[in-house]
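Under this note's numbering, the first residue of the sequence shown carries the number 180, and numbering increases by one thereafter. Using N, Cα and C, we set each Cβ at its ideal position, and we do this for glycine too. A short write-up of the structure that comes next.
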Amino acid sequence: MEATPDKPAGLYVHIPFCLQKCRYCDFYSISDLSQTSRFMVALKHEMQMNRRRPLAFDTLYIGGGTPSVLAPEAIGELIETAWKYFNIASDAEITIEINPGTVTFENLFEYRKMGINRVNIGVQSFDDDNLRFLSRIHSARDARLSVEWARRAGFNNVGLDLIFGLPRQDNMNWLDDLTQAGNLEPEHLSCYMLTCESGTPLSMDVKTGRIRWAAEGMILDLFNTAIDFLTESSFLHYEISNFARIGGSHHEPRTSKHNLKYWTFAPYIGLGPSAHSFIEPARYWNHRSLATYLRQIEDGKSAMAEKECLTKTQRTIEAIYLGLRTTWGINLAEFQARFGINFANAFRKPVAELENQGMIEINDGHCVLTRKGLLFIDSIASMLICQGLS
Ligand code: SF4
């Protein structure tokens with residue numbers, strides 16, 4: 180049996196169904212909904228198989244795929260089973276991801292009644308042309324309605340997802356999305372850059388030249404626009420893609436407690452096809468196929484596809500990369516305690532160079548990216564890693 184980690188853990192449940200695949204999406208999900216009941220039975224079984232984990236959870240995140248394609252009763256059973264088999268705090272953050280095209284006021288009301296206290300809504304854009312380009316199944320009006328319904332159903336913690344960097348998107352168009360999102364006063368906003376994931380229909384269109392990808396300079400402009408607009412509109416920029424609203428009915432900005440686990444090396448357990456788990460130093464993930472997942476669980480076997488034990492070097496690299504994603508940066512004392520590496524000494528040369536270029540700052544015992552540095556996070560992380568760890 181594993182040792183009990185000192186940080187509270189997160190529980191993630193992956194619902195692998197969507198009404199229709201969006202052309203840019205690389206998450207594992209299928210649009211054949213005929214196996215939902217069988218999946219729910221298997222999922223409860225997988226929870227039971229994991230029940231002896233010596234972990235205390237303070238978040239439960241029901242994601243996917245599109246959890247809101249399931250009937251509210253199925254979601255209710257999922258939560259009840261999670262409570263039964265896992266040690267979940269009574270004040271845990273319990274999130275469900277919803278797609279505005281699959282939700283009703285009644286469903287949201289049911290979710291709230293069953294103890295879900297946070298909704299994350301996949302809005303992506305408030306422009307119907309953008310939504311069509313992304314092959315989303317909903318309109319901008321559906322998105323606005325779902326936020327209104329969530330509020331009426333009693334949710335005081337609402338997160339919205341937006342996507343930027345669409346081909347031909349300009350600053351005006353993106354600013355309009357940000358303004359409309361801001362007007363809805365969500366507690367949380369995630370702004371994701373559109374990426375071209377191999378194997379998706381979007382990547383095929385890019386490869387064959389049917390779509391011309393936005394220029395890098397334009398994408399950086401849009402990213403800057405988001406940071407300017409949101410920080411001036413009382414949002415705390417706390418992770419490269421994530422913003423939490425300051426003020427409102429809460430004392431503290433409502434960061435995503437669950438997603439923070441991914442950036443701070445807290446333990447998490449993922450259930451359902453393709454879900455990832457991490458308990459330092461091990462990382463493992465389930466089969467990325469519903470058929471294989473069902474076969475394994477129904478045979479009484481684990482759904483795990485692979486497991487890797489991260490070496491100290493791999494964990495150091497992750498700590499650099501994940502630390503730089505957050506706006507508080509890499510905590511140098513913690514870094515030394517975990518890896519026995521004095522950051523200032525080991526990374527002296529690249530840090531000096533990056534400081535000169537205005538990309539990085541050492542503040543109050545933390546190594547933090549500047550606004551300019553945030554735009555080049557990948558190359559900065561690899562420069563630190565290549566020069567500091569070699
Ligand atoms: S609804 Fe979400 S998970 Fe489903 S295909 Fe679209 S982006 Fe992917």
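Do you know how far the Cα of Val-326 is from the Cα of Leu-363?
-> Our two residues, Leu-363 and Val-326, have alpha carbons roughly 8 Å apart in a direct line.
Considering only the beta carbon of each residue, do Leu-324 and Arg-202 sit closer than 8 Å?
-> Contact check for Leu-324 against Arg-202 fails: the beta carbons are separated by 8 Å or more.
Quick one: using the 10 Å Cβ neighbour count with 16 as the cut-off for buried, is Thr-492 buried or exposed?
-> exposed
Can you give me the Cβ contacts of Leu-399 inside the same chain, cut-off strictly under 6 Å, excluding the 5 residues immediately before and after it?
-> Leu-554
Please state if the CB of Val-220 and the CB of Met-450 are separated by a distance shorter than 8 Å.
-> It is worth fixing the name first, because residue 450 is Leu in this sequence and not Met. With contacts defined as CB atoms closer than 8 Å, Leu-450 and Val-220 fail to qualify as a contacting pair.
Would the C-beta of Lys-223 count as close to the ligand SF4, meaning under 7 Å from any of its heavy atoms?
-> no
Residue list, Cβ distance to the ligand SF4 heavy atoms smaller than 6 Å | Cys-197, Lys-200, Cys-201, Cys-204, Phe-206, Ser-208, Gly-243, Gly-244, Thr-245, Asn-278 and Gly-301
Separation of Asp-349 from Met-372, as counted between CA atoms = 14 Å
In the structure shown, what three-state DSSP assignment does Met-180 receive?
-> For Met-180, the predicted model reports a pLDDT of 43, less than 50, meaning its position is unreliable; a value from the coordinates is still stated below. Three-state result, Met-180: coil.
Starting from the N-terminal side, write out each stretch of the beta strand (DSSP E) that is 3 residues or longer and does not extend beyond the stretch 235–260.
-> 235–243
Give the straight-line distance between the Cα atoms of Glu-487 and Gly-333, rounded to the nearest whole angstrom.
-> 42 Å
Using the beta-carbon count (16 or more within 10 Å), is Thr-155 buried or exposed?
-> No answer is possible for residue 155: the residues shown for the chain start at 180 and end at 569.
Pairwise C-alpha distance: Asn-296 and Ala-423 | 16 Å
Distance between His-416 and Leu-409 (C-alpha atoms, nearest Å) | 8 Å
Could you tell me the distance, in whole angstroms, from the CA atom of Gln-566 to the CA atom of Ala-516?
-> 21 Å
Three-state secondary structure (DSSP) at Ile-194?
-> strand
Between the Cα of Thr-374 and those of Pro-187, Ala-393 and Ala-498, spot the shortest distance and give me the residue it belongs to.
-> Ala-393
Just reading off the beta strand (DSSP E) that Cys-370 is part of, what are its end residues?
-> 367–372
Whole-Å CB distance - Asp-340 paired with Asn-299, under 8 Å assumed = 7 Å
Consult DSSP for Ser-269 and reduce its assignment to one of helix, strand or coil.
-> The three-state secondary structure of Ser-269, taken from DSSP, is strand.
Secondary structure at Leu-363, three-state DSSP: helix, strand or coil?
-> coil
If you check the beta carbons only, do Leu-257 and Leu-222 fall under 8 Å apart?
-> Between Leu-257 and Leu-222, the gap from beta carbon to beta carbon is short of 8 Å.
Which residue's Cα is closest to the Cα of Gly-338: Asn-278, Leu-469 and Ala-560?
-> Asn-278
Counting only runs that start and end within the stretch 503–565, where is the alpha helix (DSSP H) found for 4 or more residues in a row?
-> For the stretch 503–565, whole alpha helix (DSSP H) runs of length 4 or above, ordered along the chain, are 511–518, 522–525, 527–535 and 550–553.
Buried/exposed call for His-430, threshold 16 Cβ in 10 Å | exposed
Considering only residues of the stretch 464–502, which uninterrupted alpha helix (DSSP H) runs meet the minimum length of 4 residues and lie entirely inside it, listed in chain order?
-> 469–477
Consult DSSP for Ile-406 and reduce its assignment to one of helix, strand or coil.
-> helix
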